[in-house]
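>
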Amino acid sequence: MDTSLNRHTSRVQKIIFTSAALVVVVAGMRAAQDILIPFLLAIFIATISNPLVSFLHRKHIPRGFSIFSIFLLMIAFGYWIISLLGTSLNKFSNNFPQYQVLLKKYAEGFFSFLQEKGISVSGQVILEQFDPGSVMSLTSGILAGLGNILTNALLIILMVVFMLMEATIFKEKIMKIFGGADERVKQIASFTNTAKRYMLIKTAISFATGSIATIWLLILDVNYPFLWGFLTFLLNYIPTIGSNIAAIPPVLMALIQYDLFMMFIVGFGYLVINNALGSFLEPRIMGHGMGLSTLVVFVSLIFWGWMFGPIGMILCVPITTIIKIAFANTEGAQWVSALLEAPVRSYYRKKL
1 MDTSLNRHTS
11 RVQKIIFTSA
21 ALVVVVAGMR
31 AAQDILIPFL
41 LAIFIATISN
51 PLVSFLHRKH
61 IPRGFSIFSI
71 FLLMIAFGYW
81 IISLLGTSLN
91 KFSNNFPQYQ
101 VLLKKYAEGF
111 FSFLQEKGIS
121 VSGQVILEQF
131 DPGSVMSLTS
141 GILAGLGNIL
151 TNALLIILMV
161 VFMLMEATIF
171 KEKIMKIFGG
181 ADERVKQIAS
191 FTNTAKRYML
201 IKTAISFATG
211 SIATIWLLIL
221 DVNYPFLWGF
231 LTFLLNYIPT
241 IGSNIAAIPP
251 VLMALIQYDL
261 FMMFIVGFGY
271 LVINNALGSF
281 LEPRIMGHGM
291 GLSTLVVFVS
301 LIFWGWMFGP
311 IGMILCVPIT
321 TIIKIAFANT
331 EGAQWVSALL
341 EAPVRSYYRK
351 KL
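All letters in the sequence shown, in the order written, are residues 1 to 352 by the UniProt record's numbering.
1) With T47 as the anchor, note down where its alpha helix (DSSP H) starts and where it stops.
2) Should the region 308 to 328 be regarded as contacting the region 185 to 192, the criterion being three or more beta carbon pairs within less than 8 Å?
3) In this structure, how does DSSP classify L292 when only helix, strand and coil are distinguished?
4) Using a Cβ-Cβ cut-off of 7 Å (strictly less than) and excluding sequence neighbours within five positions of N152, which residues of its own chain qualify?
5) Quickly, what does DSSP pair E341 with across the bridge? List them, please.
6) Nearest by alpha-carbon distance to R284: which of A254, I205, F77, T232 is it?
7) Which residue comes first and which comes last in the alpha helix (DSSP H) that contains L277?
8) Evaluate the contact criterion for the region 40 to 57 versus the region 160 to 174: three or more CB pairs, one atom per stretch, below 8 Å.
9) Rounding to the nearest angstrom, what Cα-Cα distance links S83 and F96 in this structure?
10) Only counting the same chain, and skipping five residues up and downstream in sequence, which positions put a Cβ closer than 8 Å to that of G86?
11) Let me confirm a value: L339 is counted as buried when at least 16 other C-beta atoms fall within 10 Å, else exposed. Which label applies?
12) Which of the three DSSP states is assigned to L200 in this structure?
13) If you compare alpha carbons, which of I314, M165, L36 is closest to P51?
14) For S346, which residues in the same chain have their Cβ closer than 6 Å to its Cβ, ignoring the five residues on either side in sequence?
15) Please classify P62: is it buried, with 16 or more other beta-carbons within 10 angstroms of its beta-carbon, or exposed?
16) Using 10 angstroms around the beta-carbon of K202, count the other beta-carbons present and answer buried if the total reaches 16, otherwise exposed.
17) Within the continuous alpha helix (DSSP H) that includes V317, where are the two ends?
18) Check whether the Cβ atoms of S211 and G229 lie closer than 8 Å to each other.
19) For G309, which three-state DSSP category applies?
20) Could you tell me the boundaries of the alpha helix (DSSP H) in which P239 lies?
21) Between V251 and the rest of its own chain, which residues show a CB-CB distance below 8 Å, the 5 nearest in sequence each way excluded?
22) For a test of the three-state rule: what should DSSP assign to N152, helix, strand or coil?
23) With DSSP as the reference, label I61 as helix, strand or coil.
24) Any idea what DSSP makes of V336, helix, strand or coil?
25) Express the C-alpha separation of F111 and V25 in angstroms, rounding to a whole number.
26) Any idea if F77 is buried or exposed, counting beta-carbon neighbours within 10 angstroms, 16 or more meaning buried?
27) Could you compute how far the alpha carbon of L281 sits from the alpha carbon of V272?
28) Where L234 and T214 are concerned, what is the direct C-alpha to C-alpha distance, given to the nearest angstrom?
29) To the nearest angstrom, how far is it from the Cα of L72 to the Cα of W80?
30) Specify the secondary structure class of F101 as computed by DSSP and reduced to three states.
31) Based on Cα-Cα distance, which residue from T240, S49, Q33, A32 lies nearest to L277?
32) Measure the alpha-carbon distance for F68 versus L200 and round it to whole angstroms.
33) For the alpha helix (DSSP H) containing I169, list its first residue and its last residue.
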């Protein structure tokens, strides 16, 4: 009886201590986000850059020169993005208050139309809860947040360079950490390859989505096409809802600039692009993805978005997968990893 009671007490104490430790860790990460966000972004860039460095190295180009080439490429890309989007971002920021007023007028007119048709709605209450101008505010906030990240551009680029330089000895370090335990080394190597593949495919799909959206907006002559295309590229990294959120600002811009018909045309274009690339092409290339359930992905999106902002939302899947693997290798905590695991659907069973 006493033994059973002691076990129960020990288990409760373990849960309390673990919960307290998690609270401390989360609070610490939240407080250190100014340091962690550039670090996470550097890991992301290094992960998608390393295959290019390896490719150049296989072509008998020295690794140091390959990394230097990536360094120059990142600086050139950053300069091109700033020069391309700088003017559009300034114009959008200056006209932002005017856009909010126009959207509110459109919304009020829509509610007046409904009342004329005998549909009773409290437009003021709905506007307070679902102000269409708040979508533009969210867009402005995301772009401002990314602008703040760019202030650490040199630090991020230097971290990427150092990570690429040490990428070749990463496996040796892992073997030293786990004392040559083959199973764990294989598991971490498998995760690293899966994460690399996930990020590369996600980057390619996001780039294609943003490029096609930009071309579509250029054809329709909607204001700030490159700004909306770049936003589409970034938000497409966010699972489940990112591509849908990216469609809202250009759709509203089409309404402000033209009329309802053009708004629906722009929205239809985004619907086709998102379904063709995001819902059809990406799952077939990605396969089983990172092995997380849909609910876990959505919850991690909210949590890491709260923790690290836009960068947390973009990297929520790889971060959560790392946590899943950590629990899988912790004695007594494998059940947490099992909860995070996605069920293998029939489509993937056929593939396997």
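Ideal placement from N, C-alpha and C gives every residue a C-beta, glycine not left out. Keep in mind it's a predicted model, so treat the numbers as computed, not measured.
To lay it out plainly:
1) Locating residue 47 in the sequence shown gives position 47, where the first residue counts as 1. Unbroken alpha helix (DSSP H) run through T47: 33 to 58.
2) yes
3) Start at 1 with the first residue of the sequence shown, and residue 292 comes out as number 292. In this structure, L292 counts as strand in the three-state DSSP scheme.
4) For the purposes of this step, residue 152 is taken as the residue at position 152 of the sequence shown. Cβ contact annotation for N152 (same chain, cutoff 7 Å, sequence separation greater than five): P38, in chain order.
5) Along the sequence shown, read from residue 1 onward, the residue named residue 341 stands at position 341. L292, per the DSSP bridge assignment.
6) Translated into the one-based positions of the sequence shown, residue 284 becomes position 284. Comparing Cα positions, the closest option is I205.
7) Position 277 of the sequence shown, counting from 1, holds the residue named residue 277. Unbroken run through L277: none, as it is neither H nor E.
8) yes
9) Walking along the sequence shown from the start, residue 83 turns up at place 83. Walking along the sequence shown from the start, residue 96 turns up at place 96. Those two C-alpha atoms are separated by around 20 Å.
10) Reading the sequence shown from its first residue, position 86 is the one you call residue 86. Excluding residues within five positions, none has a Cβ falling inside 8 Å.
11) Indexing the sequence shown from 1 puts residue 339 at position 339. Exposed is the call here.
12) Here residue 200 refers to the residue found at position 200 of the sequence shown. Here L200 sits in helix by DSSP.
13) The sequence position of residue 51 within the sequence shown is 51, counting from 1. It is M165 whose Cα lies nearest to the Cα of P51.
14) Along the sequence shown, one-based indexing puts residue 346 at 346. Note on S346: pLDDT 42, under 50, position unreliable in the model; the coordinate value appears next. Counting only Cβ-Cβ distances below 6 Å, and skipping sequence neighbours, we find nothing.
15) Taking the first residue of the sequence shown as 1, we reach residue 62 at position 62. Per the 10 Å Cβ criterion, exposed.
16) In the sequence shown, residue 202 corresponds to position 202, counting from 1. K202 should be labelled buried.
17) Here residue 317 refers to the residue found at position 317 when the sequence shown is read from its first residue. Unbroken alpha helix (DSSP H) run through V317: 316 to 328.
18) On the sequence shown, position 211 is the one that residue 211 refers to. On the sequence shown, position 229 is the one that residue 229 refers to. Yes, the pair counts as a contact, with Cβ atoms nearer than the cut-off.
19) Taking the first residue of the sequence shown as position 1, residue 309 is located at position 309. It is coil, neither helix nor strand.
20) The residue labelled residue 239 in the question sits at position 239 within the sequence shown. P239 -> no alpha helix (DSSP H), and no H or E assigned at all.
21) Locating residue 251 in the sequence shown gives position 251, where the first residue counts as 1. For V251, where only same-chain residues beyond five positions count, the Cβ hits under 8 Å are M263, V266, G267, Y270.
22) As a position in the sequence shown, residue 152 is number 152, starting the count at 1. Reduced to three states, the DSSP call for N152 is coil.
23) Walking along the sequence shown from the start, residue 61 turns up at place 61. Note: I61 maps to coil in three-state DSSP.
24) Here residue 336 refers to the residue found at position 336 when the sequence shown is read from its first residue. Looking at V336 - three-state DSSP - the assignment turns out to be helix.
25) On the sequence shown, residue 25 is found 25 positions in, with the first residue counted as 1. On the sequence shown, residue 111 is found 111 positions in, with the first residue counted as 1. Cα-Cα distance, rounded: 48 Å.
26) Against the sequence shown, residue 77 aligns to sequence position 77. F77 comes out exposed.
27) Position 281 of the sequence shown holds residue 281. Position 272 of the sequence shown holds residue 272. The alpha-carbon atoms of L281 and V272 are separated by roughly 12 Å.
28) Here the question's residue 234 lines up with position 234 in the sequence shown. Here the question's residue 214 lines up with position 214 in the sequence shown. L234 and T214: Cα-Cα distance of roughly 13 Å.
29) Stepping through the sequence shown from its first residue, residue 72 is reached at position 72. Stepping through the sequence shown from its first residue, residue 80 is reached at position 80. L72 and W80: Cα-Cα distance of roughly 12 Å.
30) Here residue 101 refers to the residue found at position 101 of the sequence shown. One point to set straight first is that residue 101 is Val, not Phe, in the sequence displayed. DSSP places V101 in helix when its eight states are reduced to three.
31) The residue labelled residue 277 in the question sits at position 277 within the sequence shown. Measuring from the Cα of L277, the nearest candidate turns out to be T240.
32) Residue numbering aside, residue 68 sits at position 68 when the sequence shown is read from its first letter. Residue numbering aside, residue 200 sits at position 200 when the sequence shown is read from its first letter. So the alpha carbons of these two residues sit roughly 21 Å apart.
33) Working through the sequence shown from its first residue, we reach residue 169 at position 169. First-last for I169: undefined, no H or E at that position.
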